[in-house]
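Quick notes on the structure that follows.
4 protein chains.
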Amino acid sequence: MVNADECLREAVPETKDRILEAALLVFGEKGYHNATMAEIAEAAAVGKGTLYWYFSSKEKLFSGMVEHGLGLLERKLRAIISDPTLSFPGLFKRITGYYLEFAYTHRHLARIFLNSLHNLHDNDELHNQFLQLHNRFNKLNSELIRRGYREGYLRPDLETERAETALAGLLSAFIGRCILIDGDHQLAAEADFMYDCFVNGLGRR
Amino acid sequence: MVNADECLREAVPETKDRILEAALLVFGEKGYHNATMAEIAEAAAVGKGTLYWYFSSKEKLFSGMVEHGLGLLERKLRAIISDPTLSFPGLFKRITGYYLEFAYTHRHLARIFLNSLHNLHDNDELHNQFLQLHNRFNKLNSELIRRGYREGYLRPDLETERAETALAGLLSAFIGRCILIDGDHQLAAEADFMYDCFVNGLGRR
Amino acid sequence: MVNADECLREAVPETKDRILEAALLVFGEKGYHNATMAEIAEAAAVGKGTLYWYFSSKEKLFSGMVEHGLGLLERKLRAIISDPTLSFPGLFKRITGYYLEFAYTHRHLARIFLNSLHNLHDNDELHNQFLQLHNRFNKLNSELIRRGYREGYLRPDLETERAETALAGLLSAFIGRCILIDGDHQLAAEADFMYDCFVNGLGRR
Amino acid sequence: MVNADECLREAVPETKDRILEAALLVFGEKGYHNATMAEIAEAAAVGKGTLYWYFSSKEKLFSGMVEHGLGLLERKLRAIISDPTLSFPGLFKRITGYYLEFAYTHRHLARIFLNSLHNLHDNDELHNQFLQLHNRFNKLNSELIRRGYREGYLRPDLETERAETALAGLLSAFIGRCILIDGDHQLAAEADFMYDCFVNGLGRR
DNA sequence: TATGAATGAGTTTTCATTCAT
DNA sequence: CATGAATGAAAACTCATTCAT
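Residue numbers (our numbering), protein chains in the order written: chain A, 1 to 205; chain B, 1001 to 1205; chain C, 2001 to 2205; chain D, 3001 to 3205.
Below, the structure is given as structure tokens:
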């Protein structure tokens, strides 16, 4: 039996969640610098002061929102990579495919993440947070690559660091397309292409 | 024969050039939103009003600066691609190598370019300018890919658009490393790696 | 005989008293404008709303606190002045000495009192309250002066109002020193000096 | 010959002076915390931004204004004290009389100065500035007292520091009356009384 | 051409106060 | 009695832009 209170709580998300959703919307639409706290407050249907009750500054709200949103992605990716039944090719396609899917459904967040690294270097605190965030995803990617290596799918003389860079580049380029171009993407097909490109290259045999 | 005017022009760069250089420095250091016209004026050693004599707004100064800086890169790349003596592998490595070299010596500009696309979407005018700029470079890249295709280095069934995306991704990822990581990079070696990855893939044969 | 209620009251001061103490601490430390209700609530270990149950506004809390604190001083001074066994010199030194002692042990309150008159004139309600407060102490001082006059210690042609002003000036200057300068003060010696200065002057005979 | 420009400059005070006057008016009327930059700007008939062109913060404007205003007083007092033709009694009355006169015509400034010491202790920078200011005036007063001592008007066993405190107390109390009470004051008579009180005391001979 | 004082709209942030629980 | 989440008015401060000189 669920009481009335809980029903209500489901129907109208808790204030903090409403704020996080509004922040995602507005920051995603306008970028960090052009978004105003007033807009976010309005979008969340709360007073400006309420924002500051939950987050001590615009900066903290921004980073809180990113952490919240990308936490979901990270947990899902970790779940996929922990699946022992998948061998490298399947794993690669599941991972990259999920990246694309996530970016497709959370464009704002994806855009923010793609820009964050080079873009917030005027702000030490935020910049460091994003460096750490990128590192976490890089480690995840690097785990994927090591799996390919151990299972014998990748070259024995592989330079891991460069391979990671290449993978990250492919990922962000295809994610970028999902964001920029509307209309339906064949996400699975894109993942297949990325695998083919990464493993076999685009050269003639 | 060099006339007096030109001598002077060499010694003390014309006002407009000083402004463009100062803009590059300041925008590159602080990003579009955190840079102020006052800082740029000071860095250029001119009055704030002078900025507005040459550029009607901050926005126009920014885009003028990007156009100015990347114009150099574009011309150089076109010169390389027009060289008939180079076959695809050499051409690919010259092109990508020059991208890296340019990014390495013009970090600020490179950073601005990498971010610009996703980052300025709050500003229609600037955003469109950058879309066009990216298109110009994409066309250049696509020309490179078609060369590889025509010369038989790339797969007969190549999906050109996706190949372009992949190339752009590789490029920006390796450019990003040049920017973020100090210390000397083996730019030529990176270009070789990119070629290998793009054409042969990283898979075991 | 002490009943249970009083025991409890001793152990855990009643909410209102805790608030008054906290207000004294925080207002004294930060001044009226820089103190926040939130800080006071925290210092009193009550919720912010509780403050408003006892005092209808920040202003009322402030004036309540002053009244509470200076009430003690006033009652004590009245007790001294009512003592029929003291003649003018002893009375003067007891009174001024107690002023100094009180200021020394209640620095916050003393500081607030010293400033209040000139400082809160932007706030009619508070300002009037402090005018009245000062008047009450001035009357006390004037009583002291009249005693000196009646007992023949002071000039027959004394201009009472000016004498009051002079006494008030001496008092606040020496009180100010107690507040500003740490370390032990010879409070009794200061009181003696004040008497000497007030009655005999500092000129050579 | 005075040209039109200079005439104009006389008629409409330079912007910075207008700001300083407006600041004196508004800070004096409302106190530091209750005065707003917007009000001061309006009183000076300039835009809010202009305030910040001349003073980097509210704090700096406040301290600039005090320095400006009290600088006048200090210079005048120094001129008086340097007059070799005056002996102690005349000097004392001239000095104290000028204090009163200045306070009477610059009530706002006088009020600010009286409160500053105890009142701004929440703000380190301002507080230190005022400590120094008070020290400068204390040195001036102490010079006056040493003159009286050297000329044999004051007791041979004088405790200088206490005498300074007493003088400062008398001064601020009488200055305070000038500020609080409207109507004409017999400033010269007050100065005479202060001398009498300080040197001879109010006791019967 | 070049300048820099002047502007004010727009932003983040604070905090006394309220009120449903 | 007591709480603390929610509010919004108000304040300091920034900075692109203008314009008289």
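Yeah, the Cβ is synthetic: ideal placement off N, Cα and C, and Gly gets one too.
Query                                                                                                                                                         : Result
Work out the CA separation of Thr2050/C and Glu2014/C for me, nearest whole Å.                                                                                : 12 Å
Within 7 Å (strictly less), CB to CB, does Val2199/C reach chain D?                                                                                           : yes
When burial is assigned at 16 or more other CB atoms within 10 Å of the CB, is Gln1186/B buried or exposed?                                                   : exposed
Taking 7 Å as the CB-CB limit, is Thr165/A close to chain B?                                                                                                  : yes
Rounded to whole angstroms, what's the CA-CA distance from Ser3057/D to Lys3048/D? Just pull it up for me.                                                    : 11 Å
Can Cys2178/C and Ala3166/D be called in contact, C-beta distance under 7 Å?                                                                                  : no
At the level of alpha carbons, what is the spacing between Arg1107/B and Val66/A?                                                                             : 27 Å
Kindly give me the distance between the Cβ atoms of Ala44/A and Arg18/A, rounded to whole angstroms, as I take these residues to be in contact under 8 Å.     : 5 Å
Skipping 5 residues on each side, what residues in its chain have a beta carbon closer than 7 Å to that of Thr1069/B?                                         : Checking the displayed sequence, the identity of residue 1069/B turns out to be Gly instead of Thr. Answer for Gly1069/B: Leu1024, His1106 and Leu1109, listed in chain order.
For Asn3135/D, does the count of other Cβ atoms within 10 angstroms reach 16, so buried, or fall short, so exposed?                                           : exposed
Are the CB atoms of Leu2126/C and Glu2059/C within a distance shorter than 7 Å?                                                                               : yes
Mind listing the chain B neighbours of His33/A? Cutoff is C-beta to C-beta under 7 Å, in chain order.                                                         : His1033
Give the single residue among Lys1093/B, Arg1204/B and Asn1128/B whose Cα lies nearest to the Cα of Ser1063/B.                                                : Asn1128/B
Who are the Cβ neighbours of Asn3/A in its own chain at under 8 Å, not counting the five residues just before and after it?                                   : For Asn3/A, the predicted model reports a pLDDT of 45, less than 50, meaning its position is unreliable; a value from the coordinates is still stated below. Hits under 8 Å: none found.
Hey, Gly3152/D and Gly2169/C: beta-carbon distance below 7 Å or not?                                                                                          : no
Whole angstroms is fine: what's the gap from Leu2100/C's alpha carbon to Ala41/A's?                                                                           : 53 Å
Between Gly3028/D and chain C, is the shortest Cβ-Cβ distance under 7 Å, so that the two count as touching?                                                   : no
7 Å is my cut-off, CB to CB: does Arg1136/B come that close to chain A?                                                                                       : no
Go ahead and pull the three-state DSSP assignment for Gly1152/B.                                                                                              : coil
In this structure, does DSSP put Gly1047/B in helix, strand or coil?                                                                                          : coil
Would you list the one or two residues that DSSP bridges to Gly176/A?                                                                                         : None; Gly176/A has no bridge partner.
For Asn200/A versus Gly1090/B, is the C-beta distance shorter than 7 Å?                                                                                       : no
Report the option in Asp3124/D, Arg3147/D, Thr3160/D and Leu3114/D whose CA atom is closest to the CA atom of Pro3084/D.                                      : Arg3147/D
When the distance is taken between beta carbons, is Leu3158/D closer than 7 Å to Tyr3149/D?                                                                   : yes
Does the separation of the CB atoms of Lys2016/C and Tyr2054/C fall below 7 Å?                                                                                : yes
Express the C-alpha separation of Thr36/A and Asn2115/C in angstroms, rounding to a whole number.                                                             : 41 Å
DSSP beta-bridge partners for Gly1203/B?                                                                                                                      : Leu154/A
Hey, how far is the Cα of Arg155/A from the Cα of Arg1205/B?                                                                                                  : 8 Å
Is the distance from the Cβ of Phe2102/C to the Cβ of Leu2073/C below 7 Å?                                                                                    : yes
Below 7 Å on C-beta distance, what does Ala3168/D contact in chain C?                                                                                         : Ala2173
Could you spell out where the alpha helix (DSSP H) holding Leu91/A opens and where it closes?                                                                 : Phe88 to Thr105
Going along the chain, which residues of the stretch 2132–2160 of chain C sit with their C-beta nearer than 9 Å to a C-beta in chain D?                       : Ile2145, Gly2148, Gly2152, Tyr2153, Leu2154, Arg2155, Pro2156, Leu2158 and Glu2159
Does Asp1083/B come out as helix, strand or coil in the three-state DSSP assignment?                                                                          : coil
Tell me, to the nearest whole angstrom, how far the beta carbon of Thr2096/C is from that of Ala2191/C; I am working on the premise that it is less than 8 Å. : 5 Å
May I have the straight-line CA-CA distance separating Glu1029/B from Arg1111/B, to the nearest angstrom?                                                     : 10 Å
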